[in-house]
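Residues in the sequence shown are numbered consecutively from 870, following our numbering. Think of the CB as a built atom: it goes at the ideal place given N, C-alpha and C, for glycine as much as any other residue. Everything numeric in this text was worked out from a predicted model, so none of it was measured.
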Amino acid sequence: MQQLAYTQNSSQTLRYRKLHRKMKTGFWLVLFLGLGMIALIFTTYYLTKQVKAAENKINTTLNQYDELLQEHNTLLQEYKEIQEQQETLNQKFQLEKETLLQEKEELLKEVENLKKQSLQGGKKGKKIAYLTFDDGPSANTKKILDTLQAEDVKATFFVIGQGLKNEDKQALIKRITEEGHQLGNHTYTHNYSYIYSSKDAFLKELNQLEEEIKKLTGTKMTMVRFPGGSNNKLYKKYNKSGENVMVQIKEELKQKGYVYVDWNVDSMDAKTKELKSKEAITKAVVSQAVKQDQAVILMHDAQAKTTTAEALPEIIRQLKEKGYEFDILTPNSTQVQF
Ligand SMILES: [Zn+2]
């Protein structure tokens, strides 16, 4: 009985211990689960908060992006409008430019026509020959002047400064003006490489001769003839900086009241190195002059050109026969310019 009681007692203790262990385990389990739950709740709460913050950030960024997009679109629209305006302006400009160019073209033609008219009809019905002698005075000048005097014909001498210190040449210059002929400026040295090296070089030569002639005659020359003609491109060879020296010189001449004259009849007396016969010179002059009512005839009064002076009486005779009168070149006479 005692044994049974003891056994019963010990099995009760065992059960109690088991139960106690289970409860302990249960308690820890519950505690652990509880803590786990709390941690989970906190984590969830924290994460939700984080997600919300991130969402907010994303929304703000999206809004900003939208605004920027809108701004971009507005700018794009403005840009397109400006581009369209520019295109319209460009078209307008192009159109206006073309119109102006056309007008310019027409005006130039008109000027050309007027020039021709003035050249042909300036002195209507009158045929005028302008004899011009370049490069003098020379050993031939006296002969030329004697012929002109005998024929009672006036001419224009485009002189240079070479040898002007010589009294004989000075006397010839004086005689030219005293007998009613015209003196024109052909530069002091006629040296292409210098006079066409720059505008200043040309003007220096022009003024230098001007001064010398003024001292001798007391009058200022107004007519100019470019050595080599006004359409020569010699400056391209002699001007080192690539300037258009001819345009500059012409502008300067205009401002200073000079008038330059080329020719529409070439006696051909300087075309070749060998001397042309007086017959050839006469033929060249008369055959070209008859095509012009206002004939500006290029001849040379250089020492070597003896046949030009020899041809002169016959040239004058034939031109008179064809109804030509003779006159000197002035700023108001016909202006033959290349
Ligand atoms: Zn010359």
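Item	Value
Contact test: ASP1003 Cβ vs ligand 1 heavy atom, cutoff 6 Å	yes
Closest by C-alpha distance to VAL1028, when choosing among ASP1015, PHE1002, LYS1109 and LYS1034	PHE1002
Inter-residue Cα distance where the pair is LYS992 and THR1203	Since pLDDT at LYS992 reaches only 49, below the 50 mark, its modelled position is unreliable, and the value read off the structure follows with that caveat. Taking the straight line joining both Cα atoms gives about 9 Å.
Contiguous alpha helix (DSSP H) assignments of at least 4 residues, all confined to the region 1140–1188	1147–1158
PRO1200 CB to nearest heavy atom of ligand 1 below 6 Å	no
Neighbourhood of LEU1085 by C-beta, 7 Å cutoff - its chain only, sequence neighbours within 5 removed	GLN1039, ILE1042 and LYS1043
Nearest residue (CA-CA) to ALA1180, options ILE1150, PHE896, THR968 and GLN1172	ILE1150
PRO1006 beta carbon near ligand 1 (any heavy atom closer than 6 Å)	no
Counted within 10 angstroms of its Cβ, other Cβ atoms place GLU953 as buried (16 or more) or exposed	exposed
is_contact[ALA1158, chain D] using C-beta, thresh 7 Å	Reference to chain D is not applicable here, since this structure consists of a single protein chain.
Where LYS1068 falls, given that 16 or more other Cβ within 10 Å makes a residue buried	buried
Anticipated Cβ contact below 8 Å, SER1099 with GLN1206, distance rounded	6 Å
The region 1052–1069 touching the region 1109–1117, judged by at least three CB pairs closer than 8 Å	yes
Short Cβ contact (7 Å threshold) for PRO1006 with THR1091	no
Residue closest to ILE1045, alpha-carbon to alpha-carbon, out of HIS1059, THR1058 and LEU1017	LEU1017
Residues near ILE1166 by beta carbon distance below 7 Å, same chain, minus five either side	ALA998, TYR999, LEU1000, THR1001, TRP1132, VAL1134, SER1136, VAL1154 and ALA1158
Option nearest ALA1173 by Cα separation, candidates SER879, LEU1144 and GLU967	LEU1144
PHE1095: first and last residue of the uninterrupted beta strand (DSSP E) it sits in	Neither: PHE1095 is in no beta strand (DSSP E) and is coded neither H nor E.
Whole-Å CB distance - GLN1077 paired with GLY1030, under 8 Å assumed	6 Å
Contact test: PRO1182 Cβ vs ligand 1 heavy atom, cutoff 6 Å	no
When LYS1147, GLU967, GLU1183 and LYS1023 are compared against THR1176, the one with the closest alpha-carbon	LYS1147
Nearest neighbour of ASP1138, chosen from ASP1170, GLN1124 and ALA1164 [CA to CA]	ASP1170
Distance, LYS1142 Cα to VAL1128 Cα	30 Å
Buried/exposed call for GLU1194, threshold 16 Cβ in 10 Å	exposed
Rounded C-alpha distance that separates GLY905 from ARG884	30 Å
Euclidean distance between Cα positions of ARG886 and ILE910	35 Å
Spatial distance of LEU938 from GLU974 (CA atoms)	53 Å
N-terminal and C-terminal residue of the beta strand (DSSP E) that ILE997 is part of	996–1003
Boundaries (first-last residue) of the alpha helix (DSSP H) holding SER1035	Just to set this straight, residue 1035 is Asn in the shown sequence, not Ser. Careful: ASN1035 lies outside any alpha helix (DSSP H) and carries neither H nor E.
Which of helix, strand or coil DSSP assigns to LYS992	Its pLDDT being 49, under 50, LYS992 is placed unreliably by the model, and the measurement read from it follows with that caveat. Here LYS992 sits in coil by DSSP.
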